[in-house]
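The block underneath contains the structure these notes are about, expressed in structure tokens.
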Amino acid sequence: MLDSRAQSQGIGRDEIEKNITQNVAIKRAIDPKELAWLVTYLSSPKAECITGEVIAAGGGAMGGVHQ
152 MLDSRAQSQG IGRDEIEKNI TQNVAIKRAI DPKELAWLVT YLSSPKAECI
202 TGEVIAAGGG AMGGVHQ
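If you want it as structure tokens, here you go:
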């Protein structure tokens, strides 16, 4: 996805990543393992009190990250 966006905009992949992560509070992309940890927790008995909650796992993204 990033490669095709970079190609269509005529800039490098690094520049695309920089543009995206500057709008994220943690200033980096989320590692897939971090989402896996969340899914693991939510599917465990430890999360039995969580019912229908919205959990934003976007690293503190403000507005649209994928513009």
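Under our numbering, the sequence shown is numbered contiguously, ending at residue 218.
Just so it is clear, CB atoms sit at the ideal spot from N, CA and C, and this is done for glycine as well.
Quantities reported herein were computed from a predicted structural model and do not represent experimental measurements.
Counting every other CB atom within 10 Å of its CB across the protein chains shown gives residue 206 a total below 16, marking it as exposed. Under the DSSP assignment, residue 191 falls in the alpha helix (DSSP H) whose first and last residues are 183 to 193. Residue 162 counts as exposed, since fewer than 16 other beta carbons sit within 10 angstroms of its beta carbon. In the structure shown, residue 212 falls within a strand segment according to DSSP collapsed to helix, strand and coil. In this structure the stretch 171 to 182 touches the stretch 192 to 211; the number of beta carbon pairs closer than 8 Å is three or more.
Contact between residue 193 and residue 181 does not hold, since the beta-carbon distance rounds to 16 Å and is not under 8 Å.
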